[in-house]
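K.L.:
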Amino acid sequence: MTNEGKEWVNAMRSIRSLFGLLLWLMSISGHSAVSPLPPTGSELSVLRVALPYNAFPPFVTGDPERPGVLPELLSHFTLDGAPVDVDYIPEERSKKLISHDRIQVRMESESWYRGDSPMCWSPGLYWVKDVLITHQDAVVPTQSYQDFIMLGRFGYTYPTVEEALRLGQLQQKLFYSEREMLDALASPVKEDHRFAFMSLPTIRWLQLSNPKFVTALKVHQVVDTAALQLQFNRSALGLKGCAQFRDFFKRFRDSTEYRSILLKYGLDIKGVPQ
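Per the UniProt record's numbering, residue 1 is the first one in the sequence shown, and the count goes up by one each step.
1. With burial defined as no fewer than 16 other Cβ atoms inside 10 Å of the residue's Cβ, what is the status of residue 276: buried or exposed?
2. Go ahead and label Ser-122 buried or exposed: buried means 16 or more other beta carbons lie within 10 angstroms of its beta carbon, across all protein chains shown.
3. In the structure shown, what three-state DSSP assignment does Asp-147 receive?
4. Is it the case that the Cβ atoms of Asp-224 and Asp-147 are separated by a distance below 7 Å?
5. Between the stretch 164-175 and the stretch 112-127, can you find at least three pairs of beta-carbon atoms closer than 8 Å?
6. Going straight from the alpha carbon of Pro-159 to that of Thr-134, what length do you get?
7. Using only the alpha-carbon positions, how far apart do Glu-65 and Ser-144 sit?
8. Starting from Leu-208, trace the beta strand (DSSP E) in both directions and tell me its first and last residue.
9. Would you call the CB atoms of Glu-92 and Gly-155 closer than 7 Å?
10. What ranges does the alpha helix (DSSP H) occupy inside the stretch 129-197, keeping only unbroken runs of at least 4 residues that lie completely in it?
11. Let me know the secondary structure DSSP gives Val-72 once reduced to three states.
12. With a threshold of 8 Å, are at least 3 pairs of Cβ atoms found where one atom belongs to the stretch 94-111 and the other to the stretch 224-234?
13. CB-CB under 7 Å to Leu-262, same chain, minus the five flanking residues each way: which ones, in chain order?
14. Short of 8 Å in beta carbon distance, which residues of its chain neighbour Lys-95, apart from the five on each side in sequence? Order them along the chain.
15. Buried or exposed: Arg-166, going by 16 or more other Cβ atoms within 10 Å of its Cβ?
16. Restricting to runs no shorter than 4 residues, where is the alpha helix (DSSP H) found entirely within the stretch 75-125?
17. Would you mind reading off the limits of the alpha helix (DSSP H) that contains Asp-247?
18. I need the straight-line Cα distance from Ala-237 to Val-60, nearest angstrom please.
19. With a threshold of 6 Å on Cβ separation, who are the neighbours of Val-140 within its own chain once the five nearest residues in sequence on each side are excluded?
20. Got a sec? Which residues, its chain only, sit under 6 Å from Val-46 by beta carbon, not counting five neighbours each side?
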C-alpha cells in the first residue's frame, strides 16, 4: 500500500473513532438528540400595552410623526432590557383584554376605574383637569343637570355626573373621539342644553388645528382633576412590569427627556404629580 493510501486509512479510522466517542458520550448523558437552543429575544414574554385607538391628545394623538406623550414616554421604558409592545385598541375592548391577560397595561386613572379586578397602578404621569365646555350660545348647567344632554366618549367614566345619570336626570350621547364631540358641540342647535366634559390639554390641542373650536365653543370651569396613570394587571408579567415602571418613572419624572416630551406637546413639567 502506498504512503497516500495508508494516510487515507488512518484518517478514516480517526473519523470513526471520533464518531464512536460522540455516540458514547451521548449515551451516558441520556440524550439521543442535540438539546434545543434557549429562546431568542422574539420568543421571550413581552409586556403588551394598550393605548386608546381613537386618541386622547396630546397624550395619544394617532399621528405617527407626533404620537403623543405616552408613546414617547414608553419608548424610554424597557422590561428587563426588552422594549414593550404598544398597540392601539378601543377602550371597551382593552378593558376586557387586560382582565383576560391578553394585554397587561392600559391607560387609565385609579379615580376613573370602575372595574372589580385588582390592579397595580403607576405613579401619576400628569394631572388631567377636566373642564366644562358648551357652545357659545348654549345654556350652562349650574345647580341641576335636569333636561341637559352630556356629550361623552364610549368607555369613559365621568364621576361628576354619575349620580345624575343613574337617576335619569341627565341624558347622554356618546362618541368615539373628542374631535367628534367638539364637532357636534360646535354646530348650533335651538335651545341648546348640551355640554361636554373634556381634558383641558385635549381641547387646547384640538383648537390648534380647528379655529371653529375656538370661535364656536366656550371653556368654563374645571370640574374634576385626576392623575393620568398606567394600569397593570396582576399577572406575573403585569406585576413585574408595574414594579419596574415605578422604579423607572421615579428617575425619569424629573429628567430633561421627560421635560422635552411635555414641552413638545404644550405641557408643563409642573403638571407632573410629585
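Don't be surprised by glycine CBs; every beta carbon is placed ideally from N, CA and C.
P.N.:
Answer, in terms of the structure:
1. This structure cannot settle anything about residue 276, because the visible part of the chain is limited to 1 through 274.
2. buried
3. coil
4. no
5. no
6. Here the C-alpha atom of Pro-159 lies approximately 19 Å from the C-alpha atom of Thr-134.
7. 43 Å
8. Per DSSP, Leu-208 belongs to no beta strand (DSSP E); it is in the alpha helix (DSSP H), 200-209.
9. yes
10. 162-166 and 178-186
11. The question names Val, but residue 72 is Glu in the sequence shown. Here Glu-72 sits in helix by DSSP.
12. yes
13. Cβ contact annotation for Leu-262 (same chain, cutoff 7 Å, sequence separation greater than five): Val-69, Asp-268 and Ile-269, in chain order.
14. Arg-106, Gly-115 and Gly-155
15. Arg-166 counts as exposed, since fewer than 16 other C-beta atoms from the protein chains shown sit within 10 angstroms of its C-beta.
16. 91-99
17. 236-252
18. Inspection of the sequence shows that residue 237 is occupied by Leu rather than by Ala. So the two alpha carbons sit approximately 24 Å from each other.
19. For Val-140, the CB contacts under 6 Å within the same chain, skipping 5 residues up- and downstream, are Thr-134 in chain order.
20. Asp-85
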